[in-house]
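Residue numbers (my numbering), protein chains in the order written: chain S, 1 to 263; chain R, 264 to 485. We put the beta carbon where it would ideally sit given N, CA and C, even for glycine. Just below is one structure, and these are the notes that go with it.
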Amino acid sequence: MIHQTIDIIAHTNRLRHIDTRLKVIFAVTTLLITIASTSPIPPLLAFVIATILILFAAKINPGTYFFLLLTPLFFGLVSLLMMSLFFGYDSPLYSFEILSHTFVLQKEGINMGLLLGTRTVAGSACLFFLALTTPMTELFTGLKWLRIPDVVIELAMIIYRYIFVFLEEAQRMWLASRMRGETDFRTKIEVFSMLASTLFLRTIHQGEKLFVAMNSRCYDGETNSLCYREKNPGINITSLFAILLFEFAFIYVTIKTQNMAFI
Amino acid sequence: MEGFLPLTWVIFWYAASAPFIVYGVWRLKKIIREYPESKPMLAVAGAFAFVLSSLKIPSVTGSCSHPTGTGFGAIIFGPAVTSVMSVIVLLYQALLLAHGGITTLGANIFSMGIVGPFAAYLVYKVLRNIAGFNITVFAAAALGDMATYVTTSVQLALAFPAPVGGVLRSFIGFSGIFAVTQLPLAIIEGLVTMLLFTYLFELKPDVFRIFHIEDKATSMEA
């Protein structure tokens, strides 16, 4: 299953021990500049850079990465098709007929579609960079840094822990129901609802057990834990500077290529 | 999908979601202060929502869809808490499943985590005393789902208004596509949620009491 794969990769890749804050700053700023661009060139650039980092710096299996990329690629192509057919009005490039209905490809539409398509793929590449190089547990530190309330972070941590427990459980139950063979639509719905309700009951049971376990360890509504890391390690100035330099160059390229179109 | 929305709308939807989330966190804190045992319970329920959304619902057309589960959450926990949970679940979907994204998170929270649960809850409240429980749950889940898709169409239309006819025309375009593909899914989600509650009451009739929603349980037994 894909979530397990992403989690394992996030724990084992070569960029795992780089400061989380640096990775977050890099991924998020690049992402923001990418979606602010009005030409397909900056997204393409961002895509190339993110891909190089993912494949060569983090040394992630290219097969896995391209498998992940299939979804945004498909989505990008669909939006290119839709935009080129329905967007724009006075610059037809090409028209064709299907079932006595005339479709016109518009110039603005194609440009808009290309922009959206490249932005989607590049944005996803930036997201994959973060998802594939940073384990969730590290990101909690980042969330704390952003002053997210403790309740939310704590909930997020317990949810993260239990996702994998229940995934296994759900997988087993789903497999067991599949083993009984293909059925009609009605039964499928019933089986799915049964699976969901049983899973929910098991989660309640697990929640009760968790509360007992926490209670017996003097839980009073707050989870306090010792921070075993170095106390507030300083951010690496050189790396931060390099990232900022890159982002400024990227902003410059984005401004220079403003409204530049392919056709 | 990541990178689809322009920057201004990214910021706008984050800002629009913020007050609801702040309110949800406040509610959450209050619930946990009153009943400390509800925290682990809410957490496992969040994990359940994630697992449920990564399972595929069988669908008529052959394509598979993911249940949003927001109707279920809104009925059991109330809409505000569901909003906060959906933030966490959506973030995990982006980072563990590569579904959705960080920039589109604000818009997704608004359509799936705020409009969906609040619409479902409203339908639930209104119909609860008029119709039977099954019909109420079905309507709440299905309409909550539809409200989510309508909001998504509005969000897309606002971000990409048609050159001729503007926002309204592209809204008709987007919602037309959604209506065809999502209406059957909303009905399926309604059916699944309805059956889910039926099984829950069969197997564990005190399910509502666990979440301290007694009044719902009593109205249920009638």
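Supposed contact pair S/Ile235 and S/Leu77 - C-beta distance, whole angstroms, cut 8 Å = The pair is not a contact, with the Cβ atoms about 40 Å apart (cut-off 8 Å).
query = By how many angstroms is the C-alpha of S/Ile49 removed from the C-alpha of S/Ile60?
reply = 14 Å
query = How far does the alpha helix (DSSP H) with S/Glu169 in it reach, from first residue to last?
reply = 150-179
Cα-Cα separation between R/Gly341 and R/Tyr384, rounded to whole angstroms = Straight-line Cα distance between these residues: approximately 7 Å.
key: Three or more C-beta pairs below 8 Å linking the stretch 362-375 of chain R and the stretch 171-181 of chain S   = no
ask   = Cβ of S/Gln206 less than 8 Å from any chain R Cβ?
value = yes
request  = Could you round the C-beta distance between S/Ile9 and S/Leu132 to whole angstroms and report it? I think they count as a contact, below 8 Å.
outcome  = 5 Å
query = What in chain S is Cβ-close to R/Phe373, meaning under 7 Å?
reply = Here the premise fails: no neighbours, minimum Cβ distance about 17 Å.
query = Using the rule of at least 16 other Cβ atoms within 10 Å of the residue's Cβ for burial, across every protein chain shown, is R/Ile393 buried or exposed?
reply = exposed
query = Which of helix, strand or coil does DSSP assign to S/Gln258?
reply = Assigned with DSSP and collapsed to three states, S/Gln258 falls in coil, not helix or strand.
task = Give me whichever residues DSSP pairs with R/Gly429 in a beta bridge.
result = R/Ala425
task = Figure out for me which residue from S/Thr29, S/Asn13, S/Leu167 has the closest Cα to the Cα of S/Thr254.
result = S/Thr29
ask   = Relative to chain S, which residues along the stretch 376-393 of chain R have a C-beta separation below 8 Å, given in chain order?
value = none
request  = For R/Tyr462, count neighbouring Cβ atoms within 10 angstroms of its own Cβ and tell me buried if that reaches 16, exposed if not.
outcome  = buried
query = Should S/Ser37 go down as buried or exposed, given a rule of 16 or more other Cβ atoms within 10 Å for buried?
reply = buried
task = Output yes if chain R places a C-beta closer than 8 Å to the C-beta of S/Leu32; else output no.
result = yes
ask   = Any beta-carbon of chain R closer than 8 Å to the one on S/Gly234?
value = no
request  = Assign R/Ser326 to one of three DSSP states: helix, strand, or coil.
outcome  = Note that R/Ser326 has pLDDT 44, beneath the 50 cutoff, so the model's placement of it is unreliable and the number below is only indicative. Shown here, R/Ser326 sits in coil according to DSSP, grouped into three states, outside any helix or strand.
key: For S/Cys126, three-class secondary structure by DSSP   = helix
query = Cβ of R/Ile365 less than 8 Å from any chain S Cβ?
reply = yes
query = From the beta carbon of R/Glu227, is the nearest beta carbon of chain S less than 8 Å away?
reply = Here chain R has residues from 264 to 485 only, and residue 227 of chain R is not among them.
task = Could you tell me the distance, in whole angstroms, from the CA atom of S/Ser124 to the CA atom of R/Ala425?
result = 26 Å
ask   = So with Cβ pairs under 8 Å, would you call S/Glu247 a contact of chain R?
value = Residue-level contact check: S/Glu247 does not touch chain R, since none of the beta carbons of chain R fall below 8 Å from its beta carbon.
key: Within chain R, the residues that S/Met194 reaches when beta carbons sit closer than 9 Å   = Correct list: Leu458, Leu459, Tyr462.
ask   = Comparing alpha-carbon positions, which option in R/Ala410, R/Arg391, R/Ala404, R/Asn397 lies nearest R/Gly373?
value = What sits at residue 373 of chain R in the sequence shown is Phe, not Gly. Comparing Cα positions, the closest option is R/Ala410.
query = Applying a beta-carbon distance threshold of less than 7 Å, which residues of chain R neighbour S/Gly123?
reply = Glu265, Gly266, Gly364, Thr366
key: 7 Å Cβ cut-off: residues of chain S touching R/Val273   = Ile35
message = Quick check on the DSSP output: the alpha helix (DSSP H) that includes S/Leu186 runs from which residue to which?
response = According to the sequence shown, residue 186 of chain S is Arg rather than Leu. Looking at the DSSP string, the run of the alpha helix (DSSP H) that includes S/Arg186 is 185-215.
key: Extent of the continuous alpha helix (DSSP H) to which R/Arg391 belongs   = 379-391
message = Between the alpha carbons of S/Ser239 and S/Ile251, how many angstroms are there, rounded?
response = 18 Å
key: Other residues of its chain near R/Phe434: CB distance less than 7 Å, five sequence neighbours each side excluded   = Taken in chain order, the residues that qualify are Ser416, Val417, Ala420.
ask   = So which residues of chain R does S/Thr203 contact, with C-beta pairs closer than 8 Å?
value = Val307, Ala308, Ala310, Phe311
task = Inspect the CB distances between the stretch 110-130 of chain S and the stretch 144-153 of chain S and report whether three or more fall short of 8 Å.
result = no
ask   = Who are the Cβ neighbours of S/Val24 in its own chain at under 6 Å, not counting the five residues just before and after it?
value = Gly142
The stretch 307-315 of chain R contacting the stretch 158-165 of chain S, beta-carbon criterion three pairs below 8 Å = yes
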